[in-house]
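Notes to accompany the following structure.
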Amino acid sequence: MLLLSAHHLGVMPLALSGSVNTILRFLVPVYRSCQRGEPHLVAFAITEPGAGSDAEEGHGAAAYRPGVVATPTIGGYLLNGRKCYISGGDLAKTATVFAALHSEGMESWTCFYVDCDAPGFKVVRTELKMGMRASGAAEIEFTDVFVPNDRIIGGLRKGWALNRATLNASRIPVASMGVGFARAATETALEFARRYTLGGKALIHYQDVQLHLATMVAETRAIRSLVWEEARDAWQPRQLNASLCKFHATDRAQHVCEMAMDLLADHGGLHEQKLEKIFRDVRLTRIFEGTNQINRLSLIEDWQDQLMNFDQGIGV
Ligand SMILES: Cc1cc2nc3c(=O)[nH]c(=O)nc-3n(C[C@H](O)[C@H](O)[C@H](O)COP(=O)(O)OP(=O)(O)OC[C@H]3O[C@@H](n4cnc5c(N)ncnc54)[C@H](O)[C@@H]3O)c2cc1C
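To get my numbering, take the position in the sequence shown, counting from 1, and add 281.
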């Protein structure tokens, strides 16, 4: 799941570049290659050592110190620095890499379409993380990686807006991961309650277990409805809606997974029950594509014009 969604994230700046030429030249060949059965993964690289949230949320921009810098040279730019936690970065053929221009700040952010086999591009390591381990979280080092001018995506110094547009489009899919985890946890708990016996009867016959399960089902269905509701307008993504959907669905999904753990008790911690894997995986959806705290700030940021307009009432 993360391999595919990280690829989706990687191609999104190409799709949202506003340039038909970019789409035909770079995006279409990716899909043609996949169609031929030759996977072409694209990674999305914004996070830097010392700048995760700063790359996701405007409040941090003033204090931002670039982790990857693009220096002009003849015919293009040289990239130097490091990106970290890049999903699929160890397998990707190309990457959309966001970098600040030399001696400028975040306002100069520009998206570069980088070949992962270019000289100077190196995967330093992949992290041993708690969940979603099928997708490598790679640390990438750039040493004078040359990117020609015609591989600048969306325009010079237009990277911040492109990054925000990408995240607005990709946060609802993260919310849907939460729905999937909540559903899997609820179904596992239901199955367990039907089969596991205590005091001579199946767990499901105990009324407090029924109350517990009813809450899990309601929580799962509620976040599924939320995702469907927000997905309806996903063709015109908006920061407020995407952020709200992401943080709420993944927070509630983790709560549902904890409830399943409560019910399965010692069985929940066993690897064969699969719940412990769901439990480890769901936690990560609250961290990537902006921590849920940052997504809450994003909601308020997007809403501030209305919040600060005291001539009008405010509706939720
Ligand atoms: C599994 C996984 C996959 C990932 N995949 C990718 C990927 O493909 N590409 C990519 O670029 N990145 C990726 N990331 C990185 C991810 O987006 C960052 O980890 C995330 O944005 C948080 O940044 P950080 O870890 O640097 O935390 P920090 O920014 O250091 O934040 C630390 C804490 O401070 C809080 N905080 C920070 N700023 C503020 C503020 N202004 N106000 C209040 N609280 C604040 C945060 O909420 C958090 O609790 C991935 C991460 C994970 C775990």
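Positions of the beta carbon are idealized from the N, C-alpha and C atoms, including for glycine.
A check of alpha carbon separations from A351 across V426, G481 and H548 identifies V426 as the nearest. Taking C-beta separations shorter than 6 Å and ignoring five residues to either side along the sequence, the partners of I485 in its chain run A474 and R475, following chain order. Remark: the C-beta of T496 is outside contact range of ligand 1, defined as less than 8 Å to any heavy atom. For G356, there is no enclosing beta strand (DSSP E), as DSSP marks it with neither H nor E. The beta-bridge partner set that DSSP reports for D396 consists of T375.
Taking a contact as a CB-CB distance under 8 Å, the pair E500 and V537 counts as one, their CB atoms being some 5 Å apart. By the criterion of a C-beta distance shorter than 6 Å, L580 is surrounded in its chain by L521, S524 and L525, once the five residues flanking it on both sides are discounted. Residues of the same chain with a CB within less than 6 Å of the CB of W441, apart from the 5 flanking positions on each side, are W390 in chain order.
Relative to ligand 1, M387 has its C-beta separated by 8 Å or more from all heavy atoms. For P330, there is no enclosing beta strand (DSSP E), as DSSP gives it neither H nor E. In the DSSP assignment, P429 falls within the beta strand (DSSP E) that extends over A418 to P429.
With contacts defined by Cβ atoms closer than 9 Å, I421 and R363 form a contacting pair. Straight through space, the alpha carbons of A534 and L322 are spaced by roughly 28 Å. Looking at the backbone, the Cα of E329 and that of N302 are separated by about 29 Å.
By the C-beta density criterion, V309 is exposed, having fewer than 16 other C-beta atoms within 10 angstroms.
Judged by beta-carbon spacing, R561 lies within the 9 Å limit of M411, meaning their Cβ atoms are closer than that value.
Between V395 and T407, the CB-CB gap reaches or exceeds 9 Å.
By alpha-carbon distance to Y312, the top candidate from A296, V455 and D371 is A296. Counting C-beta atoms within 10 angstroms of its own C-beta, D547 has fewer than 16 neighbours from the protein chains shown and is therefore classed as exposed. With a cutoff of 8 Å, G435 does not count as near ligand 1, since its C-beta is closer than that to no heavy atom of the ligand. Taken from the Cβ of F569, at least one heavy atom of ligand 1 lies inside 8 Å. In the displayed model, Y366 falls within a strand according to three-state DSSP. The continuous beta strand (DSSP E) containing R406 extends over residues F402 to T407. Short of 8 Å from the beta carbon of I504, and not among the five residues preceding or following it, lie these beta carbons of its own chain, in chain order: A456, G459, V460, A463, H529, A530, R533 and A534.
Shown here, L297 sits in coil according to DSSP, grouped into three states, outside any helix or strand.
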